[in-house]
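Asks:
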Amino acid sequence: MAGIDWNFIWEGFLQTMEMVVVSTIFAYIVGLPLGVILSVSKKGGLAPNRVLYNILAFVVNVSRSIPFLIFLVVLIPLTRLIVGTSIGTEATIVPLTFGAIPIVARMVEASLEEVGNGIVEAALALGAKKREVVVNFILPEAFPSLLQGAAINFVTILGYSAMAGFIGGGGLGAIAYQHGFIRYKTDILMVTVIILVVIVWAGQELGLKLASRARHS
Amino acid sequence: MSDKRLDDDVIFKLENVTKVFEGDNKVVALDNVSLQINRGDIYGIIGMSGAGKSTLVRTLNRLEDVSEGAVLFEGRDLKSLNKSELRNVRQGIGMIFQGFNLLNQRTVDKNIKTALKIADVPKSEHDKIVDKMLKIVGLEDKKYAYPAQLSGGQKQRVAIARALSTNPKVILCDEATSALDPNITAEILDLLKRINSEFKVTIIIITHEMSVVEAICDKVAVLNGGRIVENGPVKELFVNPKSEITRRLVYPESVALNSFDSEGRKCLRLVFDGTEASHPIIAELAAKKGVTVSILNANTKSIGGVGFGQMVVALPNDVNEAKVAVEYFKEAGVFAEEIEELDDSKDAISA
Ligand SMILES: Nc1ncnc2c1ncn2[C@@H]1O[C@H](COP(=O)(O)OP(=O)(O)OP(=O)(O)O)[C@@H](O)[C@H]1O
Ligand SMILES: [Mg+2]
Numbered sequence: 001m002a003g004i005d006w007n008f009i010w011e012g013f014l015q016t017m018e019m020v021v022v023s024t025i026f027a028y029i030v031g032l033p034l035g036v037i038l039s040v041s042k043k044g045g046l047a048p049n050r051v052l053y054n055i056l057a058f059v060v061n062v063s064r065s066i067p068f069l070i071f072l073v074v075l076i077p078l079t080r081l082i083v084g085t086s087i088g089t090e091a092t093i094v095p096l097t098f099g100a101i102p103i104v105a106r107m108v109e110a111s112l113e114e115v116g117n118g119i120v121e122a123a124l125a126l127g128a129k130k131r132e133v134v135v136n137f138i139l140p141e142a143f144p145s146l147l148q149g150a151a152i153n154f155v156t157i158l159g160y161s162a163m164a165g166f167i168g169g170g171g172l173g174a175i176a177y178q179h180g181f182i183r184y185k186t187d188i189l190m191v192t193v194i195i196l197v198v199i200v201w202a203g204q205e206l207g208l209k210l211a212s213r214a215r216h217s
Numbered sequence: 218m219s220d221k222r223l224d225d226d227v228i229f230k231l232e233n234v235t236k237v238f239e240g241d242n243k244v245v246a247l248d249n250v251s252l253q254i255n256r257g258d259i260y261g262i263i264g265m266s267g268a269g270k271s272t273l274v275r276t277l278n279r280l281e282d283v284s285e286g287a288v289l290f291e292g293r294d295l296k297s298l299n300k301s302e303l304r305n306v307r308q309g310i311g312m313i314f315q316g317f318n319l320l321n322q323r324t325v326d327k328n329i330k331t332a333l334k335i336a337d338v339p340k341s342e343h344d345k346i347v348d349k350m351l352k353i354v355g356l357e358d359k360k361y362a363y364p365a366q367l368s369g370g371q372k373q374r375v376a377i378a379r380a381l382s383t384n385p386k387v388i389l390c391d392e393a394t395s396a397l398d399p400n401i402t403a404e405i406l407d408l409l410k411r412i413n414s415e416f417k418v419t420i421i422i423i424t425h426e427m428s429v430v431e432a433i434c435d436k437v438a439v440l441n442g443g444r445i446v447e448n449g450p451v452k453e454l455f456v457n458p459k460s461e462i463t464r465r466l467v468y469p470e471s472v473a474l475n476s477f478d479s480e481g482r483k484c485l486r487l488v489f490d491g492t493e494a495s496h497p498i499i500a501e502l503a504a505k506k507g508v509t510v511s512i513l514n515a516n517t518k519s520i521g522g523v524g525f526g527q528m529v530v531a532l533p534n535d536v537n538e539a540k541v542a543v544e545y546f547k548e549a550g551v552f553a554e555e556i557e558e559l560d561d562s563k564d565a566i567s568a
C-alpha cells in the first residue's frame, strides 16, 4: 500500500463525484419533465396524446437499449462540440447525461404511475388546471418514490462513469483501469474499487433513508 | 310561483343524458336519464353495482362528458363551458369519494390549503378557513396529522373539510361511506346532514345501500342498467316500490318475497308511515281479537325524522282469523298488502 499516491486517489474521487452529481442533475433537468410528459400523455393519462407518447417512448426505449459503451463512442463528436474535447471529467459529463436521461425519464414515469387515479380525480373535481394537477397533486404524492428512484439512478450513473474511465474519462474509473488494470498495480485497483463500492453503498443508503423519511404512508 | 323562481330552485337538471363507453365491447352506462335536483335537497341515487351511479355523478361536474343529452348546472349546459368556466363551476361543486383521495404525503392542513390554492383564495385567509373547516368536521386537533395517522372516518372528515373549504353549492358523494363501518357511516351522514341544513349545501349521495338513503335523503332515484326506474320522495318509494329492483333494495335480502311462507301461510306486507307504533299493533291484535300473526320480518326505522317501518307477517291459516286480522289493520290505518309473486305464479294471490 506504500506505493499509493493518496492525493491522486482523492483527486479521482472528486472527479468522480463531480461527474456523477453534475450528470445526475442535468439528467433530471431533462428527464424529469420528460417522465412527466410520458406519464401525462400516455393512454388513460391526464392529457392523452398518442402521437407524442409514441414518439417519446420510441426515442427513450431505443436510447435506453443502446449499451452505454457504444453511447460513449458515438457521442464523441457531440462532446467535442459542447466541451471542446472528448477527454477528461467535463467531457464525460456529456455522454453520462445523455445516457442517463432516458433512464431517469422511465424511472420518473414509473414513480408517477404509482399515484392513484383517485388523486387526479379529486384534483380535477376541485377545479385544478392540468398543470396544477401535476405540480400540486401528482408530484408531491410521488415525491418519496422519486427520491428512491434518484438514489438508484445515481448508482447507475456512477457505474457508467467508471466505464467512461476506460475511454479517456476521468475519475476513479480511469484510475482503476489505467493505473490498476493496465499497469498491474493491484493495490490501486483494490483501493479504487473499494471506494466505488462505498460510494454506491452510501448513495443507496442515503437515498433510501431520505425517501423513507419523506414518506408518510 | 313564476318560472324564474322555479328555475332558481333547480340546481341540476339532466335532460335525456346518455353515456356510451366506446371500446371493444361498447357499454351504455347511462340510458336516456332525465332528472331534476333542487337546491337544498339531499338527493340519493341508489342502484346495484354497475348500474351507472358513478358515471352519473361524474357527469355532474363533467369529469365525464355525456354522449347525448345535456347536464344543466344552475341552468347552464356544462357542455357549453370553456375550460376556465368549467374550472370555476367545478370549484362550486365539492366531491368526496369512497377512497377519500387525500394527498397522503401532505398534512390535513396542506390538503385543505391545496384546495384553497386551486380556488385562488388569498393566502392570508388560508389559516382562518382551515381552522373553521376543521372545527365544522370536528378535527381541530388533527391539523398537522398526515392521513396515514387517521382512521377511515377521520379521513372522510378531512375530505369533507377540503370539499367544503371553497364554499361549494353542492357536494357530490360517490359511495362516501361504503368503506366505513355502520356507526362511523352514521356519524359521517350526520355531518353531511348538518352541512346541508347549516350551510344550505345541496348534497347528492351515490350509494348501493338503502340504509344510507333512509338515513338522510329526502328524495331518491333508483338507477338500474343505466336507466332511472323510479324516483321521488324516499317515503313514497318505501310505501309503494314500483319496480322489482326497488323492492329488492327496500327489502332486506333475507326476506323471500313470496305470497306464502314456508308453512303455506299467506304473507302480508304492513307499512307504518310514522303515525302508528308498529309492534304494539300486533300485540293489540292478539289481545283484542285473539288472533295471532307471525312476524316474518320487521324493519322499522326513522326516515327524515319520522318513525317509519314495514313488516312482513304471516296470516293465520284459518280464513276467518285471517280476515279479522286484515280488517283490524285496515281499521288501525295501517297500509297492508298481500305480497305479489314476482314470477309467473300470479294467479295464486287472487284467492
Ligand atoms: N371508463 C370506462 N370505460 C368503459 N366502461 C366503463 C367506464 N366506466 C364505467 N364503465 C362501465 O359503465 C357501467 C357503469 O359503471 P359505473 O362505474 O357507473 O357503475 P356504478 O353504479 O358506479 O357501480 P359500482 O357500484 O360498482 O361503483 C359499468 O358497466 C362499467 O363497466
Ligand atoms: Mg361506482
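Residue numbers (our numbering), protein chains in the order written: chain D, 1 to 217; chain U, 218 to 568. Note that CB positions come from ideal geometry on N, CA and C, so glycine has one too.
Could you tell me whether the region 439-447 of chain U touches the region 256-264 of chain U, using the rule of 3 or more Cβ pairs below 8 Å?
Replies: Taking one beta carbon from each stretch, the region 439-447 of chain U and the region 256-264 of chain U have 3 or more pairs nearer than 8 Å; the two touch.
Asks: Is it true that the region 78-96 of chain D meets the region 280-300 of chain U, where meeting means three or more beta-carbon pairs spaced less than 8 Å apart?
Replies: no
Asks: Residue 297 (chain U): beta carbon under 6 Å from a heavy atom of ligand 2?
Replies: Your numbering for residue 297 (chain U) matches position 80 in the second sequence. For ligand 2, not one heavy atom lies less than 6 Å from the Cβ of residue 297 (chain U).
Asks: Can we say the region 404-413 of chain U touches the region 235-250 of chain U, given the rule of at least three CB pairs closer than 8 Å?
Replies: no
Asks: Look up residue 448 (chain U) in the DSSP assignment and give the residues it is bridged to.
Replies: For the purposes of this step, residue 448 (chain U) is taken as the residue at position 231 of the second sequence. In the DSSP output, where bridge partners are listed per residue, residue 448 (chain U) has U:438.
Asks: If we ignore side chains and look at the alpha-carbon of each, how far apart do residue 105 (chain D) and residue 452 (chain U) end up?
Replies: Taking the first sequence and counting its residues from 1, one reaches residue 105 (chain D) at position 105. Taking the second sequence and counting its residues from 1, one reaches residue 452 (chain U) at position 235. Each residue's Cα considered, the two are about 57 Å apart.
Asks: Under DSSP, the alpha helix (DSSP H) around residue 13 (chain D) begins and ends at which residues?
Replies: Stepping through the first sequence from its first residue, residue 13 (chain D) is reached at position 13. Run containing residue 13 (chain D): 6-41, per the alpha helix (DSSP H) assignment.
Asks: Among U:364, U:450 and U:349, which residue has its Cα nearest to the Cα of residue 357 (chain U)?
Replies: Locating residue 357 (chain U) in the second sequence gives position 140, where the first residue counts as 1. Here the closest residue by C-alpha is U:349.
Asks: Tell me, to the nearest whole angstrom, how far the beta carbon of residue 314 (chain U) is from that of residue 393 (chain U); I am working on the premise that it is less than 8 Å.
Replies: Indexing the second sequence from 1 puts residue 314 (chain U) at position 97. Indexing the second sequence from 1 puts residue 393 (chain U) at position 176. That pair is a contact at about 7 Å.
Asks: Output yes or no for whether 7 Å exceeds the beta carbon distance between residue 508 (chain U) and residue 538 (chain U).
Replies: Reading the second sequence from its first residue, position 291 is the one you call residue 508 (chain U). Reading the second sequence from its first residue, position 321 is the one you call residue 538 (chain U). In contact: residue 508 (chain U) and residue 538 (chain U) (Cβ atoms closer than 7 Å).
Asks: Please compile the residues from chain D whose C-beta is within a distance smaller than 8 Å of the C-beta of residue 260 (chain U).
Replies: For the purposes of this step, residue 260 (chain U) is identified with residue 43 of the second sequence, where counting begins at 1. Near residue 260 (chain U) there are no residues of chain D at all, since even the closest Cβ is about 18 Å away, more than 8 Å.
Asks: Can you look up residue 286 (chain U) in the DSSP assignment and give me helix, strand or coil?
Replies: Within the second sequence, residue 286 (chain U) is the residue found at index 69, counting from 1. Of the three classes helix, strand and coil, the one that applies to residue 286 (chain U) here is strand, per DSSP.
Asks: Checking 7 Å against the spacing of the C-beta atoms, do residue 498 (chain U) and residue 553 (chain U) come in under that value?
Replies: Taking the second sequence and counting its residues from 1, the one referred to as residue 498 (chain U) is at position 281. Taking the second sequence and counting its residues from 1, the one referred to as residue 553 (chain U) is at position 336. A distance of 7 Å or more separates the beta carbons of residue 498 (chain U) and residue 553 (chain U).
Asks: Should residue 317 (chain U) be counted as a contact of ligand 1 given a C-beta to heavy atom distance under 6 Å?
Replies: As a working mapping, residue 317 (chain U) is identified with position 100 in the second sequence. No; taking the cut-off as 6 Å, the Cβ of residue 317 (chain U) has no heavy atom of ligand 1 nearer than that.
Asks: Could you check whether residue 253 (chain U) and residue 288 (chain U) sit closer than 7 Å to each other, using their CB atoms as the reference points?
Replies: Within the second sequence, numbered from 1, the residue matching residue 288 (chain U) stands at position 71. Within the second sequence, numbered from 1, the residue matching residue 253 (chain U) stands at position 36. Cβ atoms of residue 288 (chain U) and residue 253 (chain U): not closer than 7 Å.
Asks: Below 8 Å on C-beta distance, what does residue 137 (chain D) contact in chain U?
Replies: Residue mapping note: residue 137 (chain D) aligns to position 137 of the first sequence, counting from 1. Those are 320 and 331, listed as they occur along chain U.
Asks: Is the beta carbon of residue 211 (chain D) closer than 7 Å to that of residue 144 (chain D)?
Replies: Sequence index remark: in the first sequence, residue 144 (chain D) carries index 144 (1-based). Sequence index remark: in the first sequence, residue 211 (chain D) carries index 211 (1-based). Cβ distance < 7 Å, so residue 144 (chain D) and residue 211 (chain D) count as in contact.
Asks: Based on the DSSP secondary-structure assignment, which residues constitute the bridge partners of residue 293 (chain U)?
Replies: As a first step, residue 293 (chain U) is located in the second sequence; it is residue number 76 there, counting from the start. U:290.
Asks: Looking at the strands, I want to know which residues DSSP matches up with residue 260 (chain U).
Replies: Here residue 260 (chain U) corresponds to residue number 43 of the second sequence, with the count starting at 1. Paired residue(s): U:421 and U:436.
Asks: Determine whether the beta carbon atoms of residue 130 (chain D) and residue 57 (chain D) lie at a separation below 7 Å.
Replies: Reading the first sequence from its first residue, position 130 is the one you call residue 130 (chain D). Reading the first sequence from its first residue, position 57 is the one you call residue 57 (chain D). No, they are not a contact pair.
Asks: Under 7 Å, CB to any heavy atom of ligand 2. Which residues pass, going along the chain?
Replies: U:270, U:271, U:391, U:392 and U:423
Asks: Using CA atoms only, rank isn't needed, just tell me which of U:535, U:366 and U:461 is closest to residue 482 (chain U).
Replies: Looking up residue 482 (chain U) in the second sequence gives position 265. Of the listed residues, the one whose Cα sits closest to residue 482 (chain U) is U:535.
Asks: Helix or strand or just coil, what does DSSP make of residue 480 (chain U)?
Replies: Indexing the second sequence from 1 puts residue 480 (chain U) at position 263. In this structure, residue 480 (chain U) counts as coil in the three-state DSSP scheme.
Asks: If we define contact as Cβ-Cβ less than 7 Å, is residue 363 (chain U) a contact residue for chain D?
Replies: Residue numbering aside, residue 363 (chain U) sits at position 146 when the second sequence is read from its first letter. Proximity of residue 363 (chain U) to chain D, defined by a Cβ-Cβ separation below 7 Å, is satisfied.
Asks: Can you tell me whether residue 477 (chain U) sits near ligand 1, meaning its C-beta is under 6 Å from at least one heavy atom of the ligand?
Replies: The sequence position of residue 477 (chain U) within the second sequence is 260, counting from 1. For ligand 1, not one heavy atom lies less than 6 Å from the Cβ of residue 477 (chain U).
Asks: To the nearest angstrom, how far is the alpha carbon of residue 286 (chain U) from that of residue 250 (chain U)?
Replies: Start at 1 with the first residue of the second sequence, and residue 286 (chain U) comes out as number 69. Start at 1 with the first residue of the second sequence, and residue 250 (chain U) comes out as number 33. Those two C-alpha atoms are separated by around 8 Å.
Asks: Of all the CB atoms in chain D, is at least one closer than 7 Å to the CB of residue 457 (chain U)?
Replies: Within the second sequence, numbered from 1, the residue matching residue 457 (chain U) stands at position 240. No - not a single Cβ of chain D is within 7 Å of the one on residue 457 (chain U).
Asks: Which of the three DSSP states, helix, strand or coil, is assigned to residue 192 (chain D)?
Replies: Against the first sequence, residue 192 (chain D) aligns to sequence position 192. Three-state result, residue 192 (chain D): helix.
Asks: Residue 336 (chain U): beta carbon under 6 Å from a heavy atom of ligand 1?
Replies: Your numbering for residue 336 (chain U) matches position 119 in the second sequence. No; taking the cut-off as 6 Å, the Cβ of residue 336 (chain U) has no heavy atom of ligand 1 nearer than that.
Asks: For residue 44 (chain D), count neighbouring Cβ atoms within 10 angstroms of its own Cβ and tell me buried if that reaches 16, exposed if not.
Replies: Here residue 44 (chain D) corresponds to residue number 44 of the first sequence, with the count starting at 1. Exposed, by the Cβ-count rule.
Asks: So with Cβ pairs under 7 Å, would you call residue 217 (chain D) a contact of chain U?
Replies: Working through the first sequence from its first residue, we reach residue 217 (chain D) at position 217. Chain U contact via Cβ: present.
Asks: Identify the contact partners of residue 316 (chain U) in chain D, using a Cβ-Cβ distance below 9 Å as the criterion.
Replies: Your numbering for residue 316 (chain U) matches position 99 in the second sequence. The contact set of residue 316 (chain U) on chain D, defined by CB atoms closer than 9 Å, consists of 116 and 118 in chain order.
Asks: Do the CB positions of residue 325 (chain U) and residue 375 (chain U) come within less than 7 Å of each other?
Replies: The residue labelled residue 325 (chain U) in the question sits at position 108 within the second sequence. The residue labelled residue 375 (chain U) in the question sits at position 158 within the second sequence. Closer than 7 Å, so yes.
Asks: Do we get a CB-CB distance below 7 Å when we pair residue 242 (chain U) with the residues of chain D?
Replies: The residue given as residue 242 (chain U) occupies position 25 in the second sequence. With 7 Å as the cut-off, residue 242 (chain U) does not count as an interface residue toward chain D.
Asks: Between residue 318 (chain U) and residue 118 (chain D), is the Cβ-Cβ spacing less than 7 Å?
Replies: Here the question's residue 318 (chain U) lines up with position 101 in the second sequence. Here the question's residue 118 (chain D) lines up with position 118 in the first sequence. Yes, they are a contact pair.
Asks: Strictly by DSSP, which residues pair up with residue 485 (chain U)?
Replies: Reading the second sequence from its first residue, position 268 is the one you call residue 485 (chain U). Its beta-bridge partners are U:530 and U:555.
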